[in-house]
């Protein structure tokens, strides 16, 4: 867990934390602070002989605690909705996460002023007729809750990007953690405001020009998060690896339950097979127990397959030609007298393709189509990750970038190291 926090997850958490801070220090929220403070302070405001206004610290801070609790409740309710949406798209996480990355980039461009969306610019105002002497913790909580749904141009894009990341999270823990980090960073200034009300209000009044630039900074951060999500840099959170499919689907491998990749659940065993590669060498999957296997199903007619194969070749060399902890294998299903229901060319055609492109990593020939069928391959390319215990750790339908490949390999390696 600590290792994950210190890797790409840690970077995304830092970016989300900064987004929360910047969401507070924005021109569309700062002007509202005196209004909310007037509610939260209640009767704590007093004026000295020189006419200076100050507030009773303890009372304001107590009301502020309930105010930020209301904000947090709203954020987590939104997060629950979006993570449910993410579970709905569980089978297509690569596509869904990439779309999410594009949306986050667009939100960043919007925040920079390049695009304009009226629905994000629309601000919801709530007319709460609350007298200063009537403020209590319940009212402060309701005020914080309703404030969270005030879709201003500043909070809208930033919060939306966090919710998109949460919806695509590989585990509920990471989705909830992102929302928690955003909520904490967003409410920290409010807590400071509750402790140092007089000083903070004076500071904000004297530095309004500087605060205008925070929206632009937030836009740049959103674009960075979007690019990292789309390219796979945030794979540890986005979870491109799907969980092993269940047995009640016709196109799925005959494995057990739809288990989630976690140390407290048993992963289904990979279906064993023995196939020969382009060199005539036999490969039995169970012989690779103790190593992580990157198993890529592909075809010569498949453009995404052809596009990712140079990266697979590089990985084969990066991991020392299958001589260490990681084994790189490709699987092709050429047409034959037995295997007639395939779009692939015959074995000679596949060999010609391999030789012309200089691919040297082992490519196994499923000349009967039984292995493709056993693993439920319905789209190409599809990559399975087999852990050191010979179990299916996860699979990815669709093309992967080199960064994604490295991340899912490292993720699979880490799964057995942490046991």
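In our numbering, the protein residues as written are 2 to 420.
No residue lacks a Cβ here, since even glycine has one placed at the ideal position from N, Cα and C.
For the pair residue 181 and residue 299, the CB atoms are not nearer than the 7 Å cut-off.
By DSSP's assignment, residue 398 forms a beta bridge with 383. Residue 194 carries a helical assignment under DSSP once its states are collapsed to helix, strand and coil.
For residue 283, the secondary structure class from DSSP, reduced to helix, strand or coil, is strand. Looking at the backbone, the Cα of residue 218 and that of residue 19 are separated by about 10 Å. Contact check for residue 317 against residue 327 fails: the beta carbons are separated by 7 Å or more. Closest by C-alpha distance to residue 310, out of 367, 294 and 330, is 330. Residue 278 is bridged by DSSP to 365. With the rule of 3 Cβ pairs closer than 8 Å, the segment 399–414 does not count as touching the segment 274–292. Counting only the Cα atoms, residue 366 lies some 6 Å from residue 334. The C-alpha of residue 346 lies about 14 Å from the C-alpha of residue 307. Under the three-state reduction of DSSP output, residue 137 falls in the coil class, being neither helix nor strand. Per DSSP, the unbroken alpha helix (DSSP H) holding residue 372 starts and ends at 371–375. Of the candidates 62, 188, 305 and 375, 375 places its Cα closest to the Cα of residue 273. Around the beta carbon of residue 351, 16 or more other beta carbons lie within 10 angstroms, which makes this residue buried.
Following the DSSP letters along the chain, one finds residue 316 inside the alpha helix (DSSP H) bounded by residues 304–319.
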